[in-house]
Amino acid sequence: MKSHQPALSGAAKATTPPWVDKQIQLALKKPLDVRFYGRRSSKGTSPLVVHFHAGAFVGGSLEGGSCVAGLLADAGAVVMSLDYPLAPEHPFPNAVEMGYAALVWAFKSRHKLAGAGAPVFVAGEEAGGNIAAAVALMARDLHEPALAGQILLSPMLDPCLATASLRDAEAGPVGCTWADGWHNYLPRLEDAGHPYAAPGSAYRLAGLPPTLLITAQDDPLRDETLAYAARLRAAGLAARDVVLPVPTGWPCSYLEPAGRKTAWGPILHEQFSGFLNGALAPQVESIS
Numbered sequence: 074m075k076s077h078q079p080a081l082s083g084a085a086k087a088t089t090p091p092w093v094d095k096q097i098q099l100a101l102k103k104p105l106d107v108r109f110y111g112r113r114s115s116k117g118t119s120p121l122v123v124h125f126h127a128g129a130f131v132g133g134s135l136e137g138g139s140c141v142a143g144l145l146a147d148a149g150a151v152v153m154s155l156d157y158p159l160a161p162e163h164p165f166p167n168a169v170e171m172g173y174a175a176l177v178w179a180f181k182s183r184h185k186l187a188g189a190g191a192p193v194f195v196a197g198e199e200a201g202g203n204i205a206a207a208v209a210l211m212a213r214d215l216h217e218p219a220l221a222g223q224i225l226l227s228p229m230l231d232p233c234l235a236t237a238s239l240r241d242a243e244a245g246p247v248g249c250t251w252a253d254g255w256h257n258y259l260p261r262l263e264d265a266g267h268p269y270a271a272p273g274s275a276y277r278l279a280g281l282p283p284t285l286l287i288t289a290q291d292d293p294l295r296d297e298t299l300a301y302a303a304r305l306r307a308a309g310l311a312a313r314d315v316v317l318p319v320p321t322g323w324p325c326s327y328l329e330p331a332g333r334k335t336a337w338g339p340i341l342h343e344q345f346s347g348f349l350n351g352a353l354a355p356q357v358e359s360i361s
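Going from the sequence shown to this note's numbering is simple: count from 1 and add 73.
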């Protein structure tokens, strides 16, 4: 096990959680590298978040996922960030299956990690948002574990790459980060129709937990994020979408640890804190 406490001063020292690298053993699978952020609340229980980093299915790392994972921990969660298997060496459904196995492990271990009865969430940004959404669907279908919610930031949900926000970013079916990522993640055309591969096109959404979806005006993945929020609400589910008006550079800037110090860092902290502490009202709403 390797741990690290960043050498910071002043207020930053009080708000930046340490991280701990560890391996967890999943049934019939090789050990999975994970990174834990945050500490269990002095009151006894904290939210527990299983987190999936960005990287267009083919890249990213525990270090690259430190920005969003750290902000989740700053908001009061114990976060388990996963070094999930990457395409093209490990195409769909490898990451989803390992993500679900890690979720089950975390749920069974939640009393040690975050306190007895700790609420468990999944979260992810960009490709990690896809995997988090797919794992939530899988947990729903297999009737375990019970999720308290899902947090999806700029999730890659639609392999068709046909939204206006992607066209505005001059992203097309070939030669762009997300197109290449989808091609490597879904080498078989028929996989694109599977709800765990493309959650944005899933026919059955009933039974999913409350969802927080976050995007930005300058986010190429904005339209598919908002479309999924609308579909969840149409299915009668609690879903909040947040559109940040400030320049973000998303989804590329997710991979920059310094993102926690940008203008959007405090906004994410506020949204995470409210959602993790149950501030999402029973009625659905959308804010921007």
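Where a beta carbon is used, it is the ideal one built from N, C-alpha and C, also for glycine.
Spatial neighbours of Leu285 in its own chain (CB-CB distance under 6 Å, excluding positions within 5 residues in sequence) are listed in chain order as Ile224, Arg313, Phe348. Under the DSSP assignment, Trp255 falls outside any beta strand (DSSP E), being part of the alpha helix (DSSP H) whose first and last residues are 250-258.
Between the alpha carbons of Ser154 and Arg240 lies a gap of roughly 31 Å.
Secondary structure note for Arg313: its beta strand (DSSP E) is the uninterrupted segment 312-317. With fewer than 16 other CB atoms across the displayed protein chains lying within 10 angstroms of its CB, Tyr276 is exposed. An exposed status is given to Ser115, since fewer than 16 other beta-carbon atoms sit within 10 Å of its beta-carbon.
Pairing Pro282 with Ala212, the inter-Cα distance amounts to about 10 Å. The Cβ neighbour count for His216, taken over all protein chains shown within 10 Å, is under 16; the residue is labelled exposed. Ranking Gly172, Asp214, Leu299, Gly202 by CA distance to the CA of Pro324 puts Gly202 first.
With 16 or more neighbouring CB atoms inside 10 Å of its own CB, His126 falls in the buried class. Going by C-alpha positions, Arg183 is about 19 Å away from Asp156.
Scanning its chain for C-beta atoms nearer than 6 Å, with the 5 sequence neighbours on each side dropped, one finds around Leu341 the residues Leu144, in chain order.
When secondary structure is reduced to three states using DSSP, Val107 falls in the strand class. Residue Tyr110 holds the alpha-carbon nearest to the alpha-carbon of Leu121 among Ala129, Val131, Tyr110. Between Thr335 and Ser227, the C-beta gap is not smaller than 8 Å, which leaves the two residues out of contact. In this structure, the CA atom of Ala187 is about 15 Å from the CA atom of Trp92. Take the alpha-carbon of Pro104 and the one of Gln96: they are about 6 Å apart.
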